[in-house]
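>
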Amino acid sequence: MKAIADTMGVARSRLVERMKPQEKSFRCRYNKADDAWLLPLIREIVDCRATYGYRRICALLNRKLERMGKPAVNHKRVYRIMRQNGLLLARYTGKQRVLSHEGKVITLRSNLRWCSDGFEIPCWNGQVVRVAFALDCCDREVISHVATTGGITGEMVRDLMTESVERRFGTVDLLPHRVEWLSDNGSCYTASETTAFAKDMGFISCFTPVRSPESNGMAEAFVKTFKRDYVYVHDRPDAKTVMAQLAQWFEDYNEFHPHKGLKMKSPRQFIRSQLLTASCPV
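Each residue of the sequence shown is one higher than the last, beginning at 1 in UniProt numbering.
(1) Per DSSP, what kind of secondary structure is Arg49 in: helix, strand or coil?
(2) Are there three or more Cβ pairs, one per stretch, closer than 8 Å when the region 105-114 is compared with the region 130-142?
(3) If we call anything under 8 Å between Cβ atoms a contact, is Thr208 one with Gly154?
(4) For the alpha helix (DSSP H) that Ile57 lies in, which residues bound it at each end?
(5) Trp114 bridges to which residues according to DSSP?
(6) Using the C-alpha atoms, what's the distance from Asp238 back to Ala33?
(7) At what residue ranges does the region 236-268 contain a whole run of the alpha helix (DSSP H), taking only runs of 4 or more?
(8) Between the region 81-90 and the region 49-59, can you find at least three pairs of beta-carbon atoms closer than 8 Å?
(9) Is the distance from the Cβ of Leu175 to the Cβ of Phe197 below 8 Å?
(10) Closer than 8 Å is the cut-off here; do at least three beta carbon pairs connect the region 233-249 with the region 215-222?
(11) Three-state secondary structure (DSSP) at His234?
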């Protein structure tokens with residue numbers, strides 16, 4: 001054995017390992033009973049989150065299992081259970097827009113770039129609620145928002161900036177470091193009073209090119225998600241009812257909404273994990 005090993009230039013232990021009889025591995029057969037206890041938990045989540053696909057359902061299920069002290073489950077297993085019980089969403093069959101955009105909106109750390117945008121929420125009685133928000137381009141938390149039944153004004157955007165700074169850095173007159181403020185070319189953002197106020201606060205005002213909404217793609221994607229998962233699944237009889245629910249919707253998104261870009265963590269979960277890593281770098 002030694003002569004062979006020396007000739008081949010390999011370790012004797014490797015040759016001994018190869019000469020051992022190989023054990024034949026058998027794939028475990030699927031046992032439906034193993035999935036029976038998961039189905040009620042999945043149904044409970046689906047009843048509350050009717051717009052979620054199986055990956056987000058899996059993320060919420062694993063959070064619940066972690067609290068129960070049980071091991072996490074694979075998303076393929078959740079997909080199989082949901083498919084067998086008719087709980088999957090209908091497959092999207094439309095064509096997606098092909099947008100040519102080479103820039104990156106996302107940042108590697110929080111508080112480097114905040115994006116902002118506005119959207120409308122139509123009510124059943126014909127009223128319209130208009131909302132503007134500030135979103136961190138790393139952790140995806142909605143830092144602050146403003147809402148009105150009128151138009152979004154420059155003063156409201158300046159209030160949005162002030163509240164966002166206070167929530168991230170406390171009561172300060174100047175940001176501790178420069179933060180980019182990314183928005184479209186709406187008059188409330190490009191007004192001279194707003195840009196001057198942003199500069200005094202320590203912001204770097206950044207505006208998307210004309211007719212290029214994908215340049216503020218993170219804010220655009222959030223609007224789509226927020227309308228799908230919150231606005232369209234709740235009652236909207238009038239503006240007063242909608243505005244009373246807005247804070248709760250944003251809080252739920254920040255605390256519980258799984259995000260693919262955050263490895264299926266919610267924005268607040270991601271922030272807490274960042275703080276934990278920073279406090280214990282080893």
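The beta carbon of each residue, even a glycine, is placed where N, CA and C say it ideally should be.
Quick answer:
(1) DSSP places Arg49 in coil when its eight states are reduced to three.
(2) Yes: the two stretches touch, three or more of their Cβ pairs being nearer than 8 Å.
(3) No. Outside cutoff.
(4) Counting along the chain, the alpha helix (DSSP H) containing Ile57 begins and ends at Tyr54 to Arg67.
(5) For Trp114, which the question treats as bridged, DSSP gives the partners Asp136 and Trp181.
(6) A straight line joining the alpha-carbon of Ala33 with that of Asp238 spans about 47 Å.
(7) Given a length threshold of 4 residues, each whole run of the alpha helix (DSSP H) inside the region 236-268 is given here in chain order: 239-256.
(8) With a cut-off of 8 Å, the region 81-90 and the region 49-59 count as touching, because enough Cβ pairs lie within range.
(9) Taking 8 Å as the Cβ cut-off, Leu175 and Phe197 do not qualify as a contacting pair.
(10) Too few Cβ pairs lie closer than 8 Å, so no.
(11) The three-state reading of DSSP puts His234 in coil, since its state is none of H, G, I, E or B.
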